[in-house]
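Structure first, then comments.
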């Protein structure tokens, strides 16, 4: 039934187009944006999570529909677009349907990598298309050029960073941190290279130079995605943006970005911890709106009737199509708005397990609507449409095939892998946008400066995200060692890479030559990709939940850069939602470990404890038990709290544990589960595994809600957990986990530890 309102949304947009409504496109974009916001809001509780999912899907669908309406492509181009989007959707559906819940982190990382790559390619393509405009109005298109450069930069970082995360999560790369000699110096050099590329890109009007600088920042940022993860931002930049804003459109987009970030901030804070994994999946899903940017540059449960979610989505898309046919002037905007609202609703639906599926439906609708709106705005000819449709369709099929084969326990690897794709897509989009928009940068250097910076940042973040996600995937998947790998002089290497990106940015912004600009974009893509590797290899497997959320945030900021460089509200809104979501989850994870985000990213060890002495020595011997004694203890207990950890994920023990809980409950024993915020390798991974096994979500409680109940509990059954139940966090100020909030299992009358990976 969720499909009914979505279909009405799209149908209304279509009607507006057919009737020539002047605001059809704008209203469609607004509706898509609101749907994306609603998708996030729906995740505030399990009861509304499904509504949030439905809103997210509606928002994306509306946004794509509005884009198509705005473009108004000819038949050949429309067929190309439809083929690309359809193929990509089928591939994504095929991948996602085969992914296990435990592999969600890898899937998210992989898809984020696609987003980064798409963003980078879009930037390169946009530069090629818009370069004549840059030549005609250099000052007026400066902001657009900067946005394009930032898009390629962030896309490159996201692409390689996500690939690295995927590699670590999937076990392709070792999960242990790897520190390259002089890594800070390398990162500084990469950053300086990106800065130099930006300077050349902004100052040289030559098409070849500009395109080469975009390629350079894409390459450098991709390297930085491997060597480093970096956060950029601050409210202090807003007054500067107001001064340098070349036109009202850029100022309006900045306002849209700020408001979307605020909405995303408040919405994501309402998401229950049990739905953090679905939140990651939803934000990963709605990041699929990066396809809108690419289109612009082309030519055991009861019956759930999930298929009914397609009804509102169909109405949404149908309404948009009708608006196009009737010539409604606001059809595109309304489709984008609807898609955005669906994406917000997708996140909002995850606020409760009861509404989580609605949130998923909204997310799919939002992405579909956003892509449709993008096609509508572009209005491509038949050949271009066929190209677009083929690309999107192929990507969808691949994603569907991968996701459908992934086990729930492998979700962290999947998330990391998809994040890598997002980063790569962002980087490639930035490179493409530079190629398209370079003429505009030449025509209006000052007016397009902000756009060029956005493009550069997009390539940078995309590169870090791409390789960082690949490293995370490798560690999680076991391809790489899960232990942290510390390179000699790693901080120096990272500093050098960062300096290199800065130099590339300087050249990119000051040199108008096309080749120089593109080469600087390629440089930052490469340097940022190296940073994604050097940073992620220094992070151990236990810190992967934070790495995944940070990379998730990066992919969102890469989308924002795309939105700025393409002046696309949908991309800006969805990017802000994803970026703020990942940032908030990162904060929550770090707080749950009593760690600082900087410490985790830079591969630090230990909490923020002030202790400087030697940790207490562990004395005594472990008391071993057997199955018979444990069974007798459990059956004679009145209350039991089961504490699962990553060991449960590794052993695939969720089903026997669920059966044990059911049998104990049938005997009259009060059984509950206590889940630590950082248990597993991805936020909320244990909650998803237990739900997959059929454990009622109302007996799965968070640490703060259940910690005081251990005193009155007969038996605490710890399954594969270690640091999250270690009393040293409270008793030993010199412990490496001192100050970390833990589950106080030792206060229960009896404690049984099973499936322990290590007694260390």
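Numbering (full-length UniProt numbering), first residue to last: 1 to 760. Here a beta-carbon is modelled for each residue, glycine too, at the ideal position from N, C-alpha and C. Just so you know, these numbers come straight off a predicted model, no measurement behind them.
At the level of alpha carbons, what is the spacing between residue i and residue j?
i           : j           : result
residue 749 : residue 644 : 18 Å
residue 518 : residue 375 : 27 Å
residue 606 : residue 742 : Bear in mind that the predicted position of residue 606 carries a pLDDT of just 45, short of 50, making it unreliable; the figure below should be weighed with that in mind. Roughly 15 Å separates the two Cα atoms.
residue 677 : residue 460 : 31 Å
residue 528 : residue 672 : 45 Å
residue 164 : residue 366 : 28 Å
residue 225 : residue 469 : 8 Å
residue 465 : residue 640 : 42 Å
residue 744 : residue 406 : 34 Å
residue 452 : residue 158 : 18 Å
residue 334 : residue 162 : 32 Å
residue 70  : residue 688 : 40 Å
residue 634 : residue 662 : 12 Å
residue 38  : residue 279 : 13 Å
residue 245 : residue 380 : For residue 245, the predicted model reports a pLDDT of 49, less than 50, meaning its position is unreliable and no value from the coordinates is stated.
residue 113 : residue 100 : 19 Å
Buried or exposed for residue i, going by 16 or more other Cβ atoms inside 10 Å?
i           : result
residue 412 : buried
residue 654 : buried
residue 629 : exposed
residue 802 : This structure does not reach residue 802, given that the chain is present from 1 up to 760, and the question cannot be answered.
residue 626 : exposed
residue 80  : buried
residue 631 : exposed
residue 206 : buried
residue 75  : exposed
residue 524 : buried
residue 729 : buried
residue 656 : exposed
residue 18  : buried
residue 598 : exposed
residue 130 : buried
residue 488 : exposed
Quick one: measure Cβ to Cβ for residue i and residue j, integer angstroms, because I've assumed they're closer than 8 Å.
i           : j           : result
residue 204 : residue 444 : Not quite, the Cβ-Cβ distance comes to about 14 Å (not below 8 Å), so this is no contact.
residue 427 : residue 119 : 6 Å
residue 586 : residue 553 : 6 Å
residue 201 : residue 430 : About 11 Å separates the two Cβ atoms, so there is no contact after all.
residue 547 : residue 590 : Going by Cβ atoms, the distance from residue 547 to residue 590 rounds to 11 Å, so no, they are not a contact pair.
residue 551 : residue 109 : 6 Å
residue 370 : residue 292 : 5 Å
residue 450 : residue 143 : 3 Å
residue 416 : residue 96  : Residue 416 to residue 96, Cβ: 15 Å. No contact.
residue 33  : residue 336 : 6 Å
Please say whether residue j and residue i have beta carbons closer to each other than 8 Å?
i           : j           : result
residue 573 : residue 340 : yes
residue 484 : residue 540 : yes
residue 150 : residue 500 : no
residue 463 : residue 223 : yes
residue 433 : residue 148 : yes
residue 208 : residue 515 : yes
residue 116 : residue 421 : yes
residue 331 : residue 66  : yes
residue 717 : residue 492 : no
residue 313 : residue 368 : yes
residue 681 : residue 509 : no
residue 531 : residue 455 : no
residue 257 : residue 7   : no
residue 211 : residue 128 : yes
residue 686 : residue 679 : yes
residue 107 : residue 414 : yes
residue 328 : residue 15  : yes
residue 497 : residue 36  : no
residue 538 : residue 166 : no
residue 156 : residue 563 : no
residue 408 : residue 51  : no
residue 173 : residue 571 : no
residue 720 : residue 660 : no
residue 351 : residue 49  : yes
| task | Flag this pair as touching only if the segment 75-95 and the segment 392-400 have three or more C-beta atom pairs under 8 Å; answer yes or no. | result | yes
| With a cut-off of 8 Å, do at least 3 Cβ pairs link the segment 496-508 to the segment 216-227? | yes
| message | Under 8 Å, with one C-beta from each stretch per pair, do the segment 435-445 and the segment 458-478 reach the 3-pair mark? | response | no
| Is the segment 339-353 touching the segment 46-56, taking contact as three or more C-beta pairs under 8 Å? | yes
| Is the segment 319-326 touching the segment 372-386, taking contact as three or more C-beta pairs under 8 Å? | yes
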